[in-house]
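Novice: Line order of the protein sequences matches chains D and L. Its first residue numbered 1, the first sequence is counted upward by one per residue in our numbering. Its first residue numbered 1001, the second sequence is counted upward by one per residue in our numbering. Backbone N, C-alpha and C define an ideal beta-carbon position, used for all residues, glycine too. These numbers were taken from a predicted model, which means no experiment stands behind them.
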Amino acid sequence: DQQVKQNSPSLSVQEGRISILNCDYTNSMFDYFLWYKKYPAEGPTFLISISSIKDKNEDGRFTVFLNKSAKHLSLHIVPSQPGDSAVYFCAAFGPFLGTYKYIFGTGTRLKVLA
Amino acid sequence: SQTIHQWPATLVQPVGSPLSLECTVEGTSNPNLYWYRQAAGRGLQLLFYSVGIGQISSEVPQNLSASRPQDRQFILSSKKLLLSDSGFYLCAWSEPGRSSPLHFGNGTRLTVT
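#1: Residues in the stretch 40-65 of chain D with C-beta within 7 Å of chain L's C-beta atoms, listed in sequence order?
#2: Taking 9 Å as the cut-off, decide whether the C-beta atoms of residue 1087/L and residue 4/D are in contact.
#3: In whole angstroms, what is the alpha-carbon distance linking residue 37/D and residue 113/D?
#4: Any C-beta of chain D sitting closer than 9 Å to the C-beta of residue 1086/L?
#5: Using only the alpha-carbon positions, how far apart do residue 1038/L and residue 1110/L sit?
#6: How is the beta strand (DSSP E) around residue 1099/L delimited, first residue to last?
#7: For the stretch 6-22 of chain D and the stretch 43-59 of chain D, state whether three or more C-beta atom pairs, one from each stretch, are separated by less than 8 Å.
#8: Is residue 1020/L near residue 1058/L, with beta carbons less than 9 Å apart?
#9: Going by CA-CA distance only, name the one from 1029/L, 1005/L, 1083/L that's closest to residue 1035/L.
#10: Measure from the alpha carbon of residue 26/D to the alpha carbon of each residue in 18/D, 2/D, 84/D, then state which is nearest.
#11: Since residue 87/D contacts residue 107/D with CB under 8 Å, what's their CB separation in whole angstroms?
#12: List the residues of chain D that residue 1099/L touches, going by C-beta distances under 9 Å, in chain order.
#13: Which class does residue 55/D belong to by DSSP, given the choice of helix, strand or coil?
#14: In this structure, what does DSSP give as the bridge partners for residue 111/D?
#15: For residue 39/D, is the classification buried or exposed, using 16 other Cβ atoms within 10 angstroms of its Cβ as the cut-off for buried?
#16: Using CA atoms only, rank isn't needed, just tell me which of 1099/L, 1080/L, 1091/L is closest to residue 1016/L.
#17: Measure from the C-beta of residue 26/D to each C-beta in chain L and report whether the shortest distance is under 9 Å.
#18: If you follow the beta strand (DSSP E) that residue 67/D is in, where does it begin and where does it stop?
#19: Going by DSSP, which residues form a beta bridge with residue 99/D?
#20: Could you check which residue in 1067/L, 1084/L, 1102/L, 1106/L has the C-alpha nearest to that of residue 1090/L?
#21: At 7 Å on the CB atoms, spell out the chain L contacts of residue 101/D, in chain order.
#22: Mind listing, in chain order, the continuous beta strand (DSSP E) runs of no fewer than 3 residues lying wholly within the stretch 1031-1057 of chain L?
Set out below in structure tokens:
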């Protein structure tokens, strides 16, 4: 049973437009959420995070939105650039099976077209 | 600043051979340490985590093991590799306590032949 889901395996966006990546979770006890960017053959790089007490966090071109009632978070990238092309993972942190863990989604491959 | 080193970057090993992957963290004390494996289409699977020297929690029963001989050193091992052990292995660390990001190393691509 996947606790964190990224239902879109891939997404293509024109350069300069907005990229919206989505993530759903099932465990209402998760209280901290993160987005990572990953290039091939490299480790994931931390992008941005949000605590469950907030509904929005912004860092430059990246904004994360959290909708606790829907158990949904999204990452907005504006404007999208070709260098943003990568796999994006969302993660949730919180109590799971007796301890605190980071649970990752399966990733969404973003392609920004020049 | 904190840095994480993971080696080797790539490794090709025959079935039945042993494995040792090493990870070290600099610039922090008493970090939480993690080993993940990335499989295609399955995201990042947590294998082991450690909150202190000698303290290892296993998430997935398999023929891999982990050890933490020093505060900032984390080792992933196997006595006999299986074909199914092939994958991309990632070491990561986080600050102790809650609500802090995971920081990953550059990973090791392991191919078992």
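Specialist: With the structure as the only source:
#1: 41, 42, 43, 44, 46, 49, 51
#2: no
#3: 17 Å
#4: no
#5: 11 Å
#6: Premise fails: residue 1099/L is in no beta strand (DSSP E) and is neither H nor E.
#7: no
#8: no
#9: 1005/L
#10: 2/D
#11: 5 Å
#12: 31, 32, 49, 51, 93
#13: coil
#14: 12/D
#15: exposed
#16: 1080/L
#17: no
#18: 62-67
#19: 96/D
#20: 1106/L
#21: 1046
#22: 1032-1038, 1044-1052
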